[in-house]
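Going by my numbering, the first residue of the sequence shown is number 4, and it counts up by one from there. Shown next, in structure tokens, is the structure this report addresses.
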Amino acid sequence: MILVLVDHDRGELDPLSLRALTAARKLGHEIQSVVIGSEGASLAGVVGEYGAKVLHVATHASITDYAPMASGRVLKELVEKLSPAAVLAAGSPRGNEQLAHLAAFLDLPMAAECSSITLSTTPGAPHQVSRARWAANLIEDANVHSDLLIASILAFSVEPESANGAAASVVEFQPTLEASDTQVRVLSRDSGETKGGVTLTDAKVIVSGGRGVGGSEGFGNLEELATLMGGTVGCSRVVTSSGWRPHAEQVGQTGTKVAPDLYIAAGISGAMQHIAGMKNSKTIVVINTDPEAPILNYADYAIIGDLHQVLPALTKAVREAKG
Ligand SMILES: Cc1cc2nc3c(=O)[nH]c(=O)nc-3n(C[C@H](O)[C@H](O)[C@H](O)COP(=O)(O)OP(=O)(O)OC[C@H]3O[C@@H](n4cnc5c(N)ncnc54)[C@H](O)[C@@H]3O)c2cc1C
4 MILVLVDHDR GELDPLSLRA LTAARKLGHE IQSVVIGSEG ASLAGVVGEY
54 GAKVLHVATH ASITDYAPMA SGRVLKELVE KLSPAAVLAA GSPRGNEQLA
104 HLAAFLDLPM AAECSSITLS TTPGAPHQVS RARWAANLIE DANVHSDLLI
154 ASILAFSVEP ESANGAAASV VEFQPTLEAS DTQVRVLSRD SGETKGGVTL
204 TDAKVIVSGG RGVGGSEGFG NLEELATLMG GTVGCSRVVT SSGWRPHAEQ
254 VGQTGTKVAP DLYIAAGISG AMQHIAGMKN SKTIVVINTD PEAPILNYAD
304 YAIIGDLHQV LPALTKAVRE AKG
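What follows is the structure, encoded as structure tokens:
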């Protein structure tokens with residue numbers, strides 16, 4: 004049996020978890036899943052559809068929001084009870100963090116961001132994984148010497164495929180936590196919501212801006228185009244560290260990894276840490292004044308020009324095309 008940690012934010016499923024469930028299913032074992040927090044119980048239908056027979060729901064008075072060490076403790080308890088062959092999760096920052104705590108509790112290795120997994124069938128022989136290193140610019144083949152494989156699935160390396168399964172059976176349980184398990188937890192939130200209710204991970208269209216936008220006021224053009232196309236705004240790290248936009252909009256190695264149908268990169272040079280977050284986009288349009296900008300190596304279409312002129316012209320053309 005393979006146990007998959009299904010991540011959710013106050014009951015809202017992280018879509019990368021469906022890819023983790025799909026990857027788990029392809030390993031040919033029975034799939035069980037776990038969510039942390041009672042709001043996750045509502046996901047029994049969708050995790051069942053993607054192949055999980057059981058949804059373990061861990062509830063505890065101290066788990067009021069994301070608390071990664073508590074998640075690690077919950078997973079440890081389930082591993083000891085169920086003896087799975089592997090524990091998998093999405094290769095998101097949260098997925099990686101929760102699995103890392105599990106691995107630390109069990110004193111076992113963890114393979115982060117795997118694009119392929121071959122489970123060992125011979126006792127004592129290592130599992131084999133291919134995993135992303137250097138912001139996914141390098142894929143490394145590695146042996147994992149441990150009976151239990153703890154691994155996260157590289158974001159967007161697997162397409163989510165429904166198994167048309169029935170809703171998973173819900174098994175609620177209360178884990179035994181130590182006080183230190185909830186020392187790190189979310190206490191309150193600033194409104195990090197993306198405008199229009201479309202999040203970076205869900206968006207089919209992302210209009211992303213970099214240093215070339217010139218300041219926070221310059222993002223009005225990007226917002227207008229994004230809204231017109233039913234998408235959302237993203238940005239580079241220079242933009243968030245300059246305080247022009249919130250961190251929630253940062254795309255890249257230390258931001259969000261995205262794979263929209265259309266990624267428009269305006270005034271972004273294409274540093275490897277940015278590319279790591281957007282290179283899986285289906286179509287990439289680059290707007291840059293520099294014909295030598297590295298991001299052009301990833302462009303399907305490029306407009307060499309000043310984004311302050313190009314974006315309004317593009318917005319006008321889209322508006323006219325939409326009638
Ligand atoms: C550990 C680490 C993690 C990092 N994580 C991330 C991350 O998650 N995401 C991320 O983005 N970066 C990340 N970075 C930073 C990254 O290395 C780059 O510094 C950053 O991506 C550069 O941002 P930029 O492309 O906006 O700026 P620049 O590199 O300065 O590029 C600006 C671009 O705008 C163009 N331009 C200027 N004016 C105009 C105009 N008027 N019209 C059109 N084009 C114009 C220029 O030709 C240039 O290509 C990380 C760095 C480190 C060390």
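C-beta: ideal position from N, C-alpha, C; glycine also. Since we're looking at a predicted model, the values are computed, not measured.
| said: ligand 1 and R134: does any heavy atom of the ligand fall closer than 7 Å to the residue's C-beta? | reply: No - ligand 1 has no heavy atom lying nearer than 7 Å to the Cβ of R134.
| field | Where S118 sits in the DSSP three-state scheme | value | strand
| query | Hey, would you say the C-beta of I156 is under 7 Å away from at least one heavy atom of ligand 1? | reply | no
| field | Sheet register partners of V35 (DSSP bridge) | value | This sequence places Gln at residue 35; Val is not what is there. DSSP, once it has assigned bridges, lists L6 and V57 as partnering Q35.
| Three or more C-beta pairs closer than 8 Å, one from the region 167–183 and one from the region 210–230: is that the case here? | The answer is no - the region 210–230 does not touch the region 167–183, with fewer than three Cβ pairs under 8 Å.
| task | Could you spell out the range, first to last residue, of the alpha helix (DSSP H) harbouring A26? | result | Counting along the chain, the alpha helix (DSSP H) containing A26 begins and ends at L19 to R28.
| query | Taking all protein chains shown into account, do 16 or more other C-beta atoms lie within 10 angstroms of the C-beta of Y304, making it buried, or fewer, making it exposed? | reply | exposed
| said: Between the alpha carbons of N283 and T25, how many angstroms are there, rounded? | reply: 18 Å
| message | Do L16 and A158 have their beta-carbon atoms positioned less than 8 Å apart in this structure? | response | no
| request: With a threshold of 7 Å, establish whether the CB of I290 neighbours any heavy atom of ligand 1. | output: yes
| field | CA nearest to the CA of I209, picked from G127, T257, P263 and S191 | value | P263
| query | Hey, how far is the Cα of L299 from the Cα of G273? | reply | 8 Å
| request: Tell me the start and end of each unbroken beta strand (DSSP E) in the region 132–188 that is at least 3 residues and wholly inside, in chain order. | output: 141–147, 152–156 and 172–176
| message | DSSP has H11 in a bridge; who is on the other side? | response | L16
| beta strand (DSSP E) containing A93: first to last residue? | A89 to A93
| query | How many angstroms separate the CA atom of I306 from the CA atom of I142? | reply | Rounded to the nearest whole angstrom, the CA to CA distance from I306 to I142 is 31 Å.
| field | Cβ separation of V174 and V57, assumed to be a contact under 8 Å, to the nearest whole Å | value | 6 Å
| task | Using a threshold of 8 Å, state whether the C-beta atoms of P112 and S149 are closer than that. | result | Yes, they are a contact pair.
| said: What I want to know is whether the C-beta of A302 ends up closer than 7 Å to one or more non-hydrogen atoms of ligand 1. | reply: It does not: the Cβ of A302 is nowhere closer than 7 Å to a heavy atom of ligand 1.
| query | From M72, I153 and T125, pick the residue whose C-alpha is nearest to that of I5; which is it? | reply | I153
| message | Does I209 come out as helix, strand or coil in the three-state DSSP assignment? | response | The answer is strand: DSSP assigns I209 an E or B state.
| Hey, would you say the C-beta of T62 is under 7 Å away from at least one heavy atom of ligand 1? | no
| query | What is the rounded straight-line gap between the Cα of P297 and the Cα of V242? | reply | 18 Å
| query | What is the residue span of the alpha helix (DSSP H) that N224 lies within? | reply | F222 to L231
| field | Closer than 8 Å to chain D by CB, T202 | value | Structure shown: chain D not included; a single protein chain is present.
| query | Roughly how many angstroms separate the alpha carbons of T124 and A138, rounded to a whole number? | reply | 30 Å
| query | Going by beta carbon distance, what residues of the same chain come within less than 6 Å of A115, once the five residues before and after it are set aside? | reply | Excluding positions up to five away in sequence, the list reads N99 and S155.
| query | Can we count V404 as close to ligand 1, meaning its CB is less than 7 Å from some heavy atom? | reply | Residue coverage of the chain in this structure runs from 4 to 326, which leaves residue 404 outside it and unanswerable.
| field | Residue interval of the alpha helix (DSSP H) (run including V321) | value | Under the DSSP assignment, V321 falls in the alpha helix (DSSP H) whose first and last residues are L310 to K325.
| message | What does the Cβ neighbour count give for K260, buried or exposed, with the cut at 16 atoms within 10 Å? | response | Under this definition K260 is a buried residue.
| Rounded to a whole number of angstroms, what is the C-alpha to C-alpha distance between V37 and G234? | Distance between the alpha carbons of V37 and G234: 31 Å.
| With 16 other CB atoms within 10 Å as the buried threshold, where does Q101 fall? | buried
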